[in-house]
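K.L.:
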Amino acid sequence: MMRIVHISDLHFGLHVDAIIEPFLEHLKRIRPDLIIISGDLTHRARTKQYFLFQNFLQQLPTPVLMVPGNHDIPLYNFIARFLSPFKKYKKYVSKELFSHFENEEINILGVNSATPYRIKNGEFSHEVIHRIQTHFSTKHQRLNILFFHHNLYQFSGMHHPLNNAEHFIQYLQQSPIHLVCTGHLHYANVKNITQENKINCVILHAGSLLSPRRKDNHNSFYVIQTDQLHCRIELQVYHENAFLTESAYSYLFE
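So this is what it looks like as structure tokens:
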């Protein structure tokens, strides 16, 4: 069995500092094996903001997988945005724009969906699509998890989904991927992708862990507990200086 924490949209530089300590205390209680961060580590990709994120990262008690979001690319510095959009991310976070972990129980891949050519919306490069299809070529008897920053579904009044999201959802109907973890919207939501009346894949749109800008009016994260192809997903919501379980979902994949 494994316990994975999925957090997103930290926005260091425009974040609620008071939430960090209750989050760290919650991690001590649940003792996760792995943490996934699906982008927007900083608010404006500034050096000081990356330092704040580094300090946070050093306090996490377990290995971390992460990918960038659109806010991890400079917005107002046009030279940096178009000539070296991920320079600071690669300097202060990781030289790679993807993350990977696997053992006998799970197979996880994180990929980049942020691009300097779109301010808010995201898209996959041909290289990223090839990496996903190659990495998840077979199911085996373990849980396959893909994560990236941008949302796959359109919700009323919120950002548009990933470019060509409809085609990617069609791929997920047939693919070996069981869970997709995203963020971007600051709105926690779970969507099931079905094929022949069976749930083939579950999409976890994470809310924001630390940002004061919340579309669903609360800060939150997911806890994913896995046991081979069975998983239980809990939404942890911040209320009065503590995180509490607000909802839970259980899945058994074939």
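No gaps in the numbering here: position 39 of the sequence shown is 1470 in my numbering, and each next residue is one more.
All residues carry an ideal CB built from backbone N, CA and C; glycine is no exception.
Since the model is a prediction, treat every value here as computed from it, not as a measurement.
Could you tell me which of Glu1536, Phe1454, His1446 and Phe1443 sits nearest to valine 1654, measuring between CA atoms?
P.N.:
Phe1454
K.L.:
Could you pull out every unbroken alpha helix (DSSP H) segment of at least 4 residues lying fully inside the region 1443-1502, listed in chain order?
P.N.:
Listed in chain order, the alpha helix (DSSP H) elements of length 4 or more contained wholly in the region 1443-1502 are 1451-1461 and 1478-1490.
K.L.:
Among Pro1547, Leu1496 and Gly1638, which one has its Cα closest to the Cα of arginine 1512?
P.N.:
Nearest C-alpha to arginine 1512: Pro1547.
K.L.:
Label tyrosine 1618 either buried or exposed according to how many other C-beta atoms from any shown protein chain fall within 10 Å of its C-beta, with 16 as the threshold for buried.
P.N.:
buried
K.L.:
Going by alpha carbons, who is nearest to alanine 1637 out of Ile1664, Ile1630 and Tyr1507?
P.N.:
Ile1664
K.L.:
Taking a contact to mean a Cβ-Cβ separation below 8 angstroms, would you say aspartate 1471 touches serine 1439 in this structure?
P.N.:
yes
K.L.:
Whole-angstrom Cβ separation of serine 1469 and phenylalanine 1578, contact assumed at under 8 angstroms?
P.N.:
About 5 angstroms separates the beta carbons of serine 1469 and phenylalanine 1578, which is inside the 8 angstroms limit, making them a contact pair.
K.L.:
In terms of residue numbering, what span does the beta strand (DSSP E) encompassing lysine 1629 cover?
P.N.:
From DSSP, the beta strand (DSSP E) with lysine 1629 extends over 1629-1636.
K.L.:
Alpha carbon to alpha carbon, how far is asparagine 1508 from phenylalanine 1517?
P.N.:
12 angstroms
K.L.:
Tell me phenylalanine 1652's beta-bridge partners as DSSP assigns them.
P.N.:
Gln1667
K.L.:
Does the ligand FAD have a heavy atom nearer than 7 angstroms to the CB of leucine 1506?
P.N.:
By its list of ligands, the structure shown contains no ligand whatsoever, and the ligand FAD lies outside what it can speak to.
K.L.:
Looking at C-alpha atoms only, which residue of Ile1450, Thr1676, Gly1541 and Ser1556 is the closest neighbour of glycine 1614?
P.N.:
Gly1541
K.L.:
Within 10 angstroms of the Cβ of aspartate 1503, are there 16 or more other Cβ atoms? Answer buried if so, exposed if not.
P.N.:
buried
K.L.:
Taking one C-beta from the region 1545-1559 and one from the region 1626-1645 each time, how about it: are there three or more such pairs within less than 8 angstroms?
P.N.:
no
K.L.:
Is the region 1486-1506 in contact with the region 1662-1677, if contact means three or more CB pairs nearer than 8 angstroms?
P.N.:
no
K.L.:
Grab the span of the beta strand (DSSP E) containing histidine 1590 for me, first residue to last.
P.N.:
Here histidine 1590 belongs to no beta strand (DSSP E), and DSSP marks it neither H nor E.
K.L.:
Whose C-alpha, out of Gln1605, Ser1639, Leu1640 and Arg1645, is nearest the C-alpha of glutamate 1627?
P.N.:
Gln1605
K.L.:
Which word fits histidine 1442, buried or exposed, when buried means at least 16 other C-beta atoms lie within 10 angstroms of its C-beta?
P.N.:
Residue burial annotation: histidine 1442 is buried, with at least 16 other C-beta atoms found within 10 angstroms of its C-beta.
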